[in-house]
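Read in order, the letters of the sequence shown are residues -19 to -1, 1 to 324 in mature numbering (1 follows the signal peptide of the UniProt record, and there is no 0).
Glycine residues also receive a C-beta, built at the ideal position from the N, C-alpha and C atoms.
Read through the structure below, which is laid out as structure tokens, and then see the notes.
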Amino acid sequence: MRLAILGAGAIGPACAALAASRGHTAVLWSPSGAGTRGIDATLHAEGLLEGCFPVTVATRLAEAFAGADAALLTVPAYALPDLLPRIAAEIPTTLPLLIAPAASLAPLAFARLRGPGAAVGAMATTPLTGRRLAPDRVRIAAIRAEAEMGALPGPAAPEMAALAESLFGNRWPTVPDALAAAFINGNPIAHAALALANVTRIEKQESWGQYGLMTPAVCRLIETLGAERDALAARFGHHPPSLAEALHRTNGVPRGPLHEMTAAIERGRGFIAGPTEMATRYVTEDVPYGLAFYLAIAQAIGQPMPVTEGTVTVIETMWGQGLRDNPLLAGLDLTALPAALGA
């Protein structure tokens, strides 16, 4: 297939290499143009995928979509409010779009902008994890064995799962709708707890390893935030995997107490640096489009989330800025989500 990949940070190019390794044609587009600068028809991959893989760089959206069989959108959630209208205005109505991850009901926001058209895949997380080492080089740290797939409309999930499996090789168990997929990604919970517990290290730009510092105390906060998310999800009939299960799937460590699993990950993968800038995505993305997203839904249906509320308030206080603005939810009736998501 010909796959248009929209987003050229770390995940987009890594997904391009993975798709190309499976015989597909990858076309990479960067919203600003900066992400594809320095890529000259070849991507070099190392880590869990080794080799040189062909890639086409598109300078315009229309060029990326030309002849495509599918599209993958993978950008930070805070980029979606500005980017979704651009994509909705140019994407062919028959072209299926996969959004990875489908944070904050992004598939619903996109479909409202585009109008009737092909199904939208709501990926619970990205097909892989990786880092950009150079303009034309990526290191792939993990290729997920499986991750959940929802869709808009909800019944299209098996079709979107089959598409993603063909492109990337992972298994994509289906979930009923895009909201179920949005609840599954555990990054907002883990990242917010890590940022809060290590704020002085971040502020002083110290080097610190995130898995090694997921200590028992930090993991207690993670587990409590996870329990509140799970109670909210259950109000909609959804039951996301635990944070421990997510770590097991991605890193292959044995299931056990969370802090023991993270210690095992550090032993196996080595030092994985935590953020060293206050403007880290752990806060600017994962709080507004993760924890505060949960709070918005909880408020709409009267579900208490006291620890989540307190965590967001403390982070807002320490970072000195409001972190609850989420344009993706504008105009949505959060009290009537099941009907909107299943249509």
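Item to check | Alpha-carbon spacing of MET242 relative to GLY28, whole angstroms | outcome: Using only the alpha carbons, I get a separation of about 21 Å.
Next on the checklist: Quick check: TYR192 and GLU226, are their CB atoms within less than 7 Å of each other?
Outcome noted: Between TYR192 and GLU226, the gap from beta carbon to beta carbon reaches 7 Å or more.
Next on the checklist: According to DSSP, is MET130 part of a helix, a strand, or is it coil?
Outcome noted: Strand at MET130.
Checklist entry - Is the number of C-beta pairs between the region 98 to 116 and the region 5 to 12 that are closer than 8 Å three or more? => result No, because fewer than three Cβ pairs between the region 98 to 116 and the region 5 to 12 fall closer than 8 Å, the two stretches do not touch.
Checklist entry - Does the beta-carbon distance from VAL156 to ALA174 come in below 7 Å? => result Cβ atoms of VAL156 and ALA174: not closer than 7 Å.
Item to check | Buried or exposed by the 16-neighbour rule on C-beta atoms within 10 Å, applied to HIS172 | outcome: That one is buried.
Checklist entry - When you compare only the Cα positions, how much space is there between THR316 and ILE20? => result Spanning the alpha carbons of THR316 and ILE20 requires a straight line of approximately 46 Å.
Item to check | Start-end ranges of the beta strand (DSSP E) lying completely within the region 19 to 89, minimum 3 residues | outcome: Listed in chain order, they are 23 to 28, 32 to 35, 37 to 39, 51 to 54 and 78 to 80.
Item to check | Nearest-angstrom Cα separation, counted from TRP189 out to ARG182 | outcome: Going from the Cα of ARG182 to the Cα of TRP189 covers about 7 Å.
Checklist entry - Where does the unbroken beta strand (DSSP E) through ALA115 begin, and where does it stop? => result Run containing ALA115: 109 to 115, per the beta strand (DSSP E) assignment.
Item to check | Counterpart residues of ALA123 in DSSP-defined beta bridges | outcome: THR110.
Item to check | Spatially closest choice to residue 330 from PHE217, ARG210, ARG216 and ALA58, by CA coordinates | outcome: No statement about residue 330 is possible, as the shown extent of the chain runs from -19 to 324 and does not include it.
Item to check | Cα-Cα separation between PRO62 and PRO308, rounded to whole angstroms | outcome: Computed Cα separation, rounded: 6 Å.
Checklist entry - Under a Cβ-count criterion, where at least 16 other Cβ atoms within 10 Å of its own Cβ denotes burial, should PRO35 be classed as buried or exposed? => result PRO35 comes out exposed.
Checklist entry - Would you call the CB atoms of LEU272 and VAL293 closer than 7 Å? => result Pairing LEU272 with VAL293 gives a Cβ-Cβ distance under 7 Å.
Item to check | Contact the region 295 to 303 vs the region 255 to 275: 3+ CB pairs below 8 Å | outcome: At 8 Å Cβ cutoff, the stretches touch.
Next on the checklist: Which complete alpha helix (DSSP H) runs does the region 138 to 181 hold, if anything under 4 residues is left out?
Outcome noted: Runs found: 138 to 149, 159 to 165 and 168 to 178.
Next on the checklist: According to DSSP, simplified to helix, strand and coil, what is TRP189?
Outcome noted: It is coil, neither helix nor strand.
Item to check | Three-state secondary structure assigned by DSSP to ARG118 | outcome: In the structure shown, ARG118 sits in a strand (DSSP, three-state: E or B).
Next on the checklist: According to DSSP, ILE(-15) sits in a beta bridge with which residue or residues?
Outcome noted: Residue pairing by DSSP places ILE(-15) opposite LEU9 and LEU53 in a beta bridge.
Next on the checklist: Whole angstroms are fine: how far does the CA of THR298 sit from the CA of PRO73?
Outcome noted: Between the alpha carbons of PRO73 and THR298 lies a distance of about 44 Å.
Checklist entry - Are the Cβ atoms of ALA128 and MET141 separated by less than 7 Å? => result No.
Next on the checklist: With three or more beta-carbon pairs closer than 8 Å as the criterion, would you say the region 77 to 86 touches the region 153 to 169?
Outcome noted: The region 77 to 86 and the region 153 to 169 touch, with no fewer than 3 CB-CB distances between them shorter than 8 Å.
Checklist entry - For PRO222, is the classification buried or exposed, using 16 other Cβ atoms within 10 angstroms of its Cβ as the cut-off for buried? => result It is buried - the Cβ of PRO222 has at least 16 other Cβ atoms within 10 Å.
Next on the checklist: Just to check my reading of the structure: ASP158 and LEU322 have Cβ atoms closer than 8 Å, yes? What is that Cβ distance to the nearest angstrom?
Outcome noted: About 4 Å separates the beta carbon of ASP158 from that of LEU322, a gap short enough to meet the 8 Å contact definition.
Next on the checklist: What residue range does the alpha helix (DSSP H) around MET242 cover?
Outcome noted: Counting along the chain, the alpha helix (DSSP H) containing MET242 begins and ends at 239 to 250.
Item to check | Whole-angstrom C-beta distance between PHE91 and GLU71, which should lie under 8 Å | outcome: Contact doesn't hold; Cβ gap of about 12 Å is too wide.
Item to check | Unbroken alpha helix (DSSP H) run spanning VAL288, endpoints | outcome: Secondary structure note for VAL288: its alpha helix (DSSP H) is the uninterrupted segment 287 to 300.
Next on the checklist: So the candidates are GLY283, TYR275 and GLY48; which of them puts its Cα closest to the Cα of LEU310?
Outcome noted: Check the Cα spacing between LEU310 and each of GLY283, TYR275 and GLY48: the tightest is with TYR275.
Next on the checklist: Quick check: VAL119 and PRO(-7), are their CB atoms within less than 7 Å of each other?
Outcome noted: Yes, these two residues count as a Cβ contact at 7 Å.
Checklist entry - In chain order, what residues of the same chain lie with their CB nearer than 8 Å to the CB of GLY312, ignoring the 5 residues before and after it? => result Setting aside the 5 residues that flank it on each side, GLY312 is surrounded in the same chain by ARG93, each with a C-beta closer than 8 Å to its C-beta; the list follows chain order.
Checklist entry - GLY323 lies in the alpha helix (DSSP H); which residues open and close that run? => result The continuous alpha helix (DSSP H) containing GLY323 extends over residues 318 to 323.
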